[in-house]
Amino acid sequence: MRSKTLVALVVIVLSGCASSTVSASPWRITPRQPQIHVQVSSGCPATLAQAQDVKNAGVALDKKLIPLNPQSGQICRFGPSYANGQANVAAGTLYRARQLDLSTARRLASVIDSISTAAPQGVTSCPADIGSASIIAFSYADIPDVDVWYSDSGCRTLDNGLIGAFEPGNPSFYQSFESLIDELSPGRP
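For the sequence shown, this note's numbering assigns the number 1038 to the initial residue and increments by one for each residue that follows.
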């Protein structure tokens, strides 16, 4: 009888462990306002015009950051503008734009698709936020363009306006994604 009780206890404990290792649902974010939508065919806007996040329409993006197999894409990198030696963080001025062909857009989309979107856990210490951000836009043959917002300073995050990914403690973010973005479109020195 004692061995049956022990076996039952082990089964209960192991089944509890198995359910806790199943991938967590995506980290649902609260979209920041105002939002912007960038279309690849229009190119990068000159400024973020106070935008704090992206807005996507017509695509179910509550489980994945982006759909796979884009036809093309672009990376728009924005940072503070400087006048009279002072930084205007709210300006969000375009400092680099990079068009992506089919192959490069699909490579980047695949890397973004591999990023864990589990909610951040624990306490995190982040570097200073200097007010820089990037919008990565993808065009598709049969759906509207899809944008992701990359907060590339401070606590680095990537989101599509509904779900997000957090850089600290997320190797798929800081190893694969960040190195590819910096290769394709280097950030400010």
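Backbone N, C-alpha and C define an ideal beta-carbon position, used for all residues, glycine too.
Local Cβ density within 10 Å of residue i, reported as buried at 16 or more and exposed below that
i     : result
T1194 : buried
Q1212 : exposed
D1150 : exposed
T1058 : Below a pLDDT of 50, predicted positions are generally treated as unreliable, and T1058, at 35, falls in that range; no measurement from the model is reported.
P1208 : exposed
C1081 : buried
G1159 : exposed
A1094 : exposed
From the options, residue whose alpha carbon lies closest to that of residue i
i     : options                    : result
R1114 : L1105, A1165, Q1070, S1190 : S1190
G1201 : A1178, A1156, I1218        : A1156
L1221 : A1094, S1140, E1204, K1092 : S1140
K1092 : S1118, D1219, G1224, P1181 : P1181
L1117 : S1188, S1216, K1100, Q1111 : Residue identity check: residue 1117 is Pro in the sequence provided, not Leu. Of the listed residues, the one whose Cα sits closest to P1117 is S1188.
Beta-bridge pairing of residue i - partner residues as DSSP gives them
i     : result
T1067 : Answer by DSSP bridge pairing: none, since T1067 is not bridged.
S1084 : Residue identity differs from the one stated: residue 1084 is Thr in this sequence, not Ser. DSSP lists T1130 as partners of T1084.
D1196 : W1186, G1201
R1135 : I1112
S1171 : R1114, Y1187
CA-to-CA distance, residue j to residue i, given in whole angstroms
i     : j     : result
T1130 : A1086 : 9 Å
L1102 : Q1123 : 35 Å
R1144 : P1104 : 12 Å
Q1076 : G1198 : 15 Å
T1084 : F1214 : 24 Å
R1065 : P1071 : 18 Å
D1090 : V1183 : 13 Å
Q1108 : N1121 : 42 Å
Supposed close pair residue i, residue j - CB separation, criterion 8 Å
i     : j     : result
W1186 : A1170 : 6 Å
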